[in-house]
Amino acid sequence: MADGTSTANRWTGSPPNGWDVLKRNRVAMVSLLFLVFVALAAIVIPFFLPDALKGTSDASFSPPMSPSADKAHIHYLGTDVNGQDLFYRLLMGAQVSLGVGLVAAFVSLLIGGVYGMVSGYAGGRVDGGMMRLVDILNSVPSLLFVMIFISAFDGHFKGALDGVRLDAQAKDWGWLEGLAGNLIPYSRIIILVIALSFIQWLTMARIVRGQVLVLKELAFVTAARTMGQSSWAILWKHLWPNLSTIVLTYLTLTIPAVIRDESFLSFLGLGIDDPAASWGSLLKDGAQVINPLDSKWWLLVFPASLMSACLLALNFLGDGLRDAFDPKSND
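If you're matching positions, the sequence shown starts at 11 in our numbering and goes up one per residue.
See below:
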């Protein structure tokens, strides 16, 4: 009998693994393909666009399908107030927004994963104390924390990078001078990623801790203890591999949350600095030129549509992964 053959109400033969279940979820697979397409387009297409579309021009507020100022190219999605091509800006915004979401989610995974495993495996008073700290941090308004964090550290971080650049210049360390100089325009992004990571690891820590509490009572962990393996070896070799699928599932659900927070902060002017762009900063630029007499609709419609489609795809993919690898969790 073939593996994974289904009848009306049950599977016969070997049950399907999580990836088999995921591949049967058409919505999740379409979402995955769409996200891969957007990510590849954001990385590859800008290299092939002509330089004339990557800078400012005299073609301010040109509607979609308008010719460029030199009549040599087409602005497929129109231009903004500085005559910059919106298609190019949208792809660069996708790089920043998806990049911030991925990096912040992975940092939250690192912090929350280690914290949750230590808390769950230690148990007792250590677990109680660590979880009370999570409760306290959860009570802090997250976006307010991010705003204060950015205001408090952005200037200091930028000054520190400039100090490193000047010190490297004095010591004739060209590579360090170039690295620090290149990071200065992106200091706000780095601070934003750190701040968003600090508020996203709390949920991950709770999830990992709950799974460890269940797994550490199973026979394979008891056998590892009997064989004299250290606690860190048990955590890394035996518990972490069994946590990988559930962590991957909730990691996928963390990315859209980070992108939403970043877009909201950029919309308020607290996120990405010009000339860098994110979906939130593009929406902010579009909202600033809303005019009932002469609406620049393309400045809002295209960024909002792409961001909404990607967030929807991430949520569908996360739901599909959760159903495939953690069918007991349907909340």
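Using N, Cα and C, we set each Cβ at its ideal position, and we do this for glycine too.
To the nearest angstrom, how far is it from the Cα of ARG135 to the Cα of ALA334?
If you number the sequence shown from 1, residue 135 lands on position 125. If you number the sequence shown from 1, residue 334 lands on position 324. Taking the straight line from one Cα to the other gives about 35 Å.
Compare the C-beta of ALA114 with all C-beta atoms of chain B and state if any pair is closer than 9 Å.
Absence of chain B from the displayed structure is noted, only one protein chain being present.
Within the region 237 to 315, note down every full beta strand (DSSP E) run reaching 3 residues or more, in order along the chain.
none
For THR236, does the count of other Cβ atoms within 10 angstroms reach 16, so buried, or fall short, so exposed?
Numbered from its first residue, the sequence shown carries residue 236 at position 226. Exposed.
Take LEU143 as the anchor and find which of ALA314, SER129, LEU45, LEU154 has the nearest alpha-carbon.
Along the sequence shown, read from residue 1 onward, the residue named residue 143 stands at position 133. Of the candidates ALA314, SER129, LEU45, LEU154, the one whose C-alpha sits nearest the C-alpha of LEU143 is SER129.
By the DSSP assignment, the alpha helix (DSSP H) with GLY163 in it spans what residues?
Locating residue 163 in the sequence shown gives position 153, where the first residue counts as 1. This sequence places Phe at residue 163; Gly is not what is there. Its alpha helix (DSSP H) spans residues 152 to 180.
Considering only DSSP beta bridges, list what THR89 is partnered with.
Residue mapping note: residue 89 aligns to position 79 of the sequence shown, counting from 1. When beta bridges are read from the DSSP output, THR89 appears opposite ASP95.
Consult DSSP for SER207 and reduce its assignment to one of helix, strand or coil.
Residue mapping note: residue 207 aligns to position 197 of the sequence shown, counting from 1. Three-state DSSP puts SER207 in a helix.
Where PRO77 falls: helix, strand or coil (DSSP):
Counting from 1 along the sequence shown, the entry for residue 77 is found at position 67. Three-state DSSP puts PRO77 in a strand.
GLY305 to VAL203, Cα distance in whole Å?
Locating residue 305 in the sequence shown gives position 295, where the first residue counts as 1. Locating residue 203 in the sequence shown gives position 193, where the first residue counts as 1. Per the sequence shown, the amino acid found at residue 305 is Ser instead of Gly. If I take the Cα positions, the gap works out to 34 Å.
Does the structure place the region 205 to 212 close enough to the region 112 to 125 that three or more beta carbon pairs sit under 8 Å?
yes
Taking ALA323 and LEU293 to be in contact with their CB atoms under 8 Å, please state how far apart those CB atoms are, rounded to whole angstroms.
In the sequence shown, the residue the question calls residue 323 occupies position 313. In the sequence shown, the residue the question calls residue 293 occupies position 283. Contact flag wrong, Cβ pair sits at about 18 Å.
Could you tell me which residues DSSP pairs with ILE200 in its beta bridges?
Along the sequence shown, one-based indexing puts residue 200 at 190. None; ILE200 has no bridge partner.
What's the C-alpha gap between PHE97 and LEU87?
Residue mapping note: residue 97 aligns to position 87 of the sequence shown, counting from 1. Residue mapping note: residue 87 aligns to position 77 of the sequence shown, counting from 1. Rounded to whole angstroms, PHE97 to LEU87 spans 5 Å at the Cα level.
Going by alpha carbons, who is nearest to LEU59 out of LEU278, THR264, PRO74, LEU101?
Here residue 59 refers to the residue found at position 49 when the sequence shown is read from its first residue. Of LEU278, THR264, PRO74, LEU101, the residue nearest in Cα terms is LEU101.
Close-in-space but distant-in-sequence residues of the same chain around LEU225 (CB under 6 Å, 5 per side omitted):
As a first step, residue 225 must be located in the sequence shown, where it is residue number 215. Excluding residues within five positions, the ones whose Cβ falls inside 6 Å are LEU249, ASN252.
Our contact map puts LEU280 next to ILE160 with C-beta atoms below 8 Å; I'd like the distance itself, whole angstroms only.
In the sequence shown, counting from the first residue as 1, residue 280 sits at position 270. In the sequence shown, counting from the first residue as 1, residue 160 sits at position 150. Their Cβ separation, rounded to whole angstroms, is 6 Å, which keeps LEU280 and ILE160 in contact under 8 Å.
The alpha helix (DSSP H) with ALA52 in it runs from where to where?
The residue you call residue 52 lines up with position 42 of the sequence shown. 36 to 58 is the extent of the alpha helix (DSSP H) around ALA52.
With respect to the alpha helix (DSSP H) encompassing LEU193, which residues constitute its N-terminal and C-terminal limits?
Along the sequence shown, read from residue 1 onward, the residue named residue 193 stands at position 183. First-last of the alpha helix (DSSP H) with LEU193: 184 to 193.
Short Cβ contact (9 Å threshold) for THR213 with LEU331
Along the sequence shown, one-based indexing puts residue 213 at 203. Along the sequence shown, one-based indexing puts residue 331 at 321. Going by C-beta atoms, THR213 is not nearer than 9 Å to LEU331.
Spatial neighbours of SER241 within its chain, please: C-beta separation below 8 Å, excluding the five flanking residues on both sides.
Translated into the one-based positions of the sequence shown, residue 241 becomes position 231. Answer for SER241: TYR131, listed in chain order.
Less than 9 Å between the beta carbons of SER107 and SER318, yes or no?
Your numbering for residue 107 matches position 97 in the sequence shown. Your numbering for residue 318 matches position 308 in the sequence shown. Not closer than 9 Å, so no.
Determine the closest residue to LEU186 out of ASP172, GLY139, ALA229, with distance taken between C-alpha atoms.
To locate residue 186, count along the sequence shown from 1; it is residue 176. Of ASP172, GLY139, ALA229, the residue nearest in Cα terms is ASP172.
Can you tell me where the alpha helix (DSSP H) holding GLY138 begins and where it ends?
Position 128 of the sequence shown, counted from the start, is the residue given in the question as residue 138. Where GLY138 is concerned, the enclosing alpha helix (DSSP H) stretches over 134 to 148.
Got a sec? Which residues, its chain only, sit under 6 Å from MET140 by beta carbon, not counting five neighbours each side?
Position 130 of the sequence shown, counted from the start, is the residue given in the question as residue 140. For MET140, the CB contacts under 6 Å within the same chain, skipping 5 residues up- and downstream, are SER129 in chain order.
Roughly how many angstroms separate the alpha carbons of GLU227 and GLY133, rounded to a whole number?
The count along the sequence shown starts at 1 and reaches residue 227 at position 217. The count along the sequence shown starts at 1 and reaches residue 133 at position 123. So the alpha carbons of these two residues sit roughly 12 Å apart.
Which same chain residues, not among the five before or five after PHE326, have their C-beta less than 7 Å away from its C-beta?
To locate residue 326, count along the sequence shown from 1; it is residue 316. VAL37, ALA38, SER41.
Can the beta-carbon of SER70 be found closer than 9 Å to that of ASP95?
If you number the sequence shown from 1, residue 70 lands on position 60. If you number the sequence shown from 1, residue 95 lands on position 85. Against a cut-off of 9 Å, the Cβ pair of ASP95 and SER70 comes out as no contact.
C-alpha gap between ILE282 and GLY111, whole angstroms
Start at 1 with the first residue of the sequence shown, and residue 282 comes out as number 272. Start at 1 with the first residue of the sequence shown, and residue 111 comes out as number 101. In a straight line, the C-alpha of ILE282 is about 13 Å away from that of GLY111.
Note down the Cα distance separating TRP211 from ASP329, rounded to an integer number of angstroms.
On the sequence shown, residue 211 is found 201 positions in, with the first residue counted as 1. On the sequence shown, residue 329 is found 319 positions in, with the first residue counted as 1. Whole-angstrom Cα-Cα distance: 19 Å.
Which value, in whole angstroms, describes the spacing of the CA atoms of TRP183 and ALA51?
Within the sequence shown, numbered from 1, the residue matching residue 183 stands at position 173. Within the sequence shown, numbered from 1, the residue matching residue 51 stands at position 41. Answer to the nearest angstrom: the Cα atoms are 36 Å apart.
Beta-bridge pairing of ILE84 - partner residues as DSSP gives them:
As a first step, residue 84 must be located in the sequence shown, where it is residue number 74. The partner list for ILE84 (beta bridge, DSSP) reads PRO77.
To the nearest angstrom, how far is it from the Cα of MET157 to the Cα of ASP271?
Taking the first residue of the sequence shown as 1, we reach residue 157 at position 147. Taking the first residue of the sequence shown as 1, we reach residue 271 at position 261. In a straight line, the C-alpha of MET157 is about 11 Å away from that of ASP271.
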